[in-house]
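Sequential numbering from 23 applies to the sequence shown in my numbering.
First comes the structure, then the notes that go with it.
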Amino acid sequence: MFADLHLHSHFSDGTFAPEEMVARARRCGLIAVALTDHDSVEGCERMRAACAAQGLEFVPGTELTAELHGSEVHILGYYLDITHRRLLTELARFQRARQDRIREMCARLQTLNVPLEAETVFALARCNSPGRPHVARSLVAAGHCRTLDEAFERFLKRDRPAWVPKARISAREAIALIHEAGGLAVLAHPVLNHADHLIPALAAEGLDGLECFHTKHSEPDTQRYLALATQHGLLVTGGSDCHGDSKGRPLLGSIKLPYAYVEALQAARRRRARRRRPGSRAAPA
Ligand code: AMP
Ligand code: FE
Ligand code: FE
Ligand code: ZN
C-alpha cells in the first residue's frame, strides 16, 4: 500500500496528461496519488476523474514558490478546495507572473542572438503555468541547443544570461493561503533548496509537514528529515516529483510512500477542518 504525493502534469511543466499519469501509477502498484502542478490546480478535476475510474485515491494539490529569509522554498498544498475563490485568484496572479517571466527570458535570449519568441514557448507549453523547462524544450525544438541540460547550462540556470528570477511570495503567505483553502502545507524537497536551517522557522509559521521522501534525497537525507519531522511535530510526506518523460525514464514509481503517512495526513486534515468550523467542540490538536 503505497502513494506518490508529488507529480507534475502538462498543466504545468510535466509532459503527461492526468489520465496517463494515473494509468502509470496504477501499473506501478500505487493506491494513492497527489497532483502538485506548479501554481495550478487545473489538472485536478481530470486527475480526480481518472483516479475514480481506475480505483486510486486522489489528493488535490499544488506547489507554490515561496521565500523565507532570502531563500527560495517550495511549499506543497494538499487537500485543497480547488474551487476556493482566493486560491484561484492568487494562482491566476502567479501564472501571469510566470508568463511575464517567459517574455523577459525570451527578450534576454534575443539580445544574445538566440531568437525565440515568447509565443513559440506558449504554443509549446499549452498551459497557463509555463516555466523554464518549456523554454528549454523550445530552445531544443528550434535547434538552438541539443539537449535540455545544455539549455539550462548555457542560458537558464541561476545567474546564466537568460535567467530571470521567479516571483515568490513569503512562506507565511503561502502557508496561510493553503490553510485558507482548507489544505495542509508541506515543505517540498528541502535538500534541493538547502532549506534545513529554515525548518524551525517554517514550523513556527504553521507548516504542517515535511517531504522526507524525494527522488533527490539520499537515504541519510531521508533519515535526517524523518528525525526533523518528529522533532518539530511535522507530518511526513513523499513523492517522486515526476515531470513525465522529458529526461529519460519517468520518475513515477521511484518513490513509494507507505500509505500510513497518507492516513496521518487525512487525520490532520480532519482536525484542521473541525477547528475551522465554528461551534466545533473538537479540542485543538
Ligand atoms: P521554474 O519553475 O520555471 O524556475 O523551473 C523550475 C523547473 O525546471 C524545475 O521544476 C525542474 O523541473 C526544471 N529544471 C531545473 N533545472 C533543470 C535542469 N538542469 N534540467 C532540466 N530541468 C531542470
Ligand atoms: Fe517543475
Ligand atoms: Fe519543487
Ligand atoms: Zn515539483
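Beta carbons: idealized from backbone N, C-alpha and C, even for Gly.
The model shown is predicted, which means the values in this text are computed figures rather than measured ones.
Residue i - partner residues in DSSP beta bridges
{"i": "isoleucine 191", "result": "Ala88"}
{"i": "cysteine 149", "result": "DSSP, once it has assigned bridges, lists no residue as partnering cysteine 149."}
{"i": "isoleucine 277", "result": "Answer is none; isoleucine 277 lacks a bridge partner."}
{"i": "aspartate 26", "result": "Val55"}
{"i": "valine 208", "result": "Leu98, Gly231"}
{"i": "glycine 83", "result": "Tyr100"}
{"i": "serine 93", "result": "Leu90"}
{"i": "histidine 60", "result": "Glu85"}
Residue i beta carbon near ligand 4 (any heavy atom closer than 7 Å)
{"i": "aspartate 267", "result": "no"}
{"i": "alanine 196", "result": "no"}
{"i": "alanine 88", "result": "no"}
{"i": "aspartate 103", "result": "no"}
{"i": "aspartate 263", "result": "yes"}
Burial state of residue i, where buried means 16 or more other Cβ atoms lie within 10 Å
{"i": "arginine 154", "result": "buried"}
{"i": "threonine 169", "result": "exposed"}
{"i": "arginine 298", "result": "exposed"}
{"i": "histidine 91", "result": "exposed"}
{"i": "methionine 23", "result": "exposed"}
{"i": "asparagine 135", "result": "exposed"}
{"i": "proline 82", "result": "buried"}
{"i": "aspartate 230", "result": "buried"}
{"i": "threonine 133", "result": "exposed"}
{"i": "histidine 216", "result": "exposed"}
{"i": "glycine 165", "result": "exposed"}
{"i": "glycine 228", "result": "exposed"}
{"i": "serine 240", "result": "exposed"}
{"i": "alanine 305", "result": "For alanine 305, the predicted model reports a pLDDT of 48, less than 50, meaning its position is unreliable and no value from the coordinates is stated."}
{"i": "alanine 72", "result": "buried"}
{"i": "histidine 219", "result": "exposed"}
{"i": "aspartate 122", "result": "exposed"}
{"i": "threonine 259", "result": "buried"}
{"i": "aspartate 59", "result": "buried"}
{"i": "alanine 163", "result": "exposed"}
{"i": "alanine 140", "result": "buried"}
Same chain, Cβ closer than 7 Å to residue i, neighbours up to 5 away in sequence not counted
{"i": "glutamate 112", "result": "Leu199"}
{"i": "alanine 47", "result": "Asp26, Val55, Leu78, Leu274"}
{"i": "alanine 39", "result": "Ser31, His32"}
{"i": "alanine 307", "result": "The pLDDT assigned to alanine 307 is 45, lower than 50, so where the model puts this residue is not dependable; a value taken from the coordinates is nonetheless given after this. Hits under 7 Å: Arg293."}
{"i": "tyrosine 101", "result": "Val81, Pro82, Gly204, Gly205, Leu206, Arg291"}
Near ligand 6: residue i beta-carbon under 7 Å from a heavy atom
{"i": "glycine 83", "result": "No copy of ligand 6 appears in this structure; the ligands present are ligand 1, ligand 2, ligand 3 and ligand 4."}
Cβ-heavy atom distance, residue i to ligand 1, below 7 Å
{"i": "proline 155", "result": "yes"}
{"i": "leucine 57", "result": "no"}
{"i": "lysine 188", "result": "yes"}
{"i": "alanine 129", "result": "no"}
{"i": "phenylalanine 174", "result": "yes"}
{"i": "aspartate 171", "result": "yes"}
Short CB-CB distance (under 8 Å) between residue i and chain D
{"i": "lysine 179", "result": "In summary, chain D is missing from the structure at hand, where a single protein chain is found."}
Sequence-distant residues of the same chain with beta carbon closer than 8 Å to residue i, five excluded per side
{"i": "glutamate 202", "result": "His106, Arg108, Leu109"}
{"i": "serine 62", "result": "Phe33, Ser34, Thr84, Leu113, Gln117, Cys149, Asn150, Ser151"}
{"i": "glutamate 89", "result": "Val95, Arg190, Ile191, Ser192, Ala193"}
{"i": "glutamate 20", "result": "The question about residue 20 has no answer here: the residues shown for the chain are numbered 23 through 307."}
Contacts around residue i, its chain only, beta-carbon distance under 6 Å, and the 5 residues preceding and following it disregarded
{"i": "glycine 36", "result": "His30, His265, Gly266"}
{"i": "leucine 86", "result": "Ile97, Ala196"}
{"i": "cysteine 19", "result": "Only positions 23 to 307 of the chain appear in the structure, and residue 19 is not among them; the question remains open."}
{"i": "glutamine 76", "result": "Val44, Arg48"}
{"i": "cysteine 167", "result": "Leu161, Ala173"}
heavy atom of ligand 3 below 7 Å from residue i C-beta
{"i": "histidine 219", "result": "no"}
{"i": "alanine 210", "result": "yes"}
{"i": "alanine 216", "result": "The sequence given here has histidine at residue 216, not alanine. Histidine 216 Cβ: outside cutoff for every heavy atom of ligand 3."}
{"i": "histidine 239", "result": "no"}
{"i": "histidine 96", "result": "yes"}
beta-carbon residue i near ligand 2 non-hydrogen atom, thresh 7 Å
{"i": "valine 32", "result": "It should be noted that the sequence gives histidine, not valine, for residue 32. Histidine 32: no, Cβ never under 7 Å from ligand 2."}
{"i": "aspartate 181", "result": "no"}
{"i": "histidine 28", "result": "no"}
{"i": "histidine 60", "result": "yes"}
{"i": "aspartate 35", "result": "yes"}
* Of all the beta strand (DSSP E) runs that stay within the bounds of the segment 235-280, which reach a length of 3 or more residues? -> Those beta strand (DSSP E) runs which fall completely within the segment 235-280 and span 3+ residues are 257-261.
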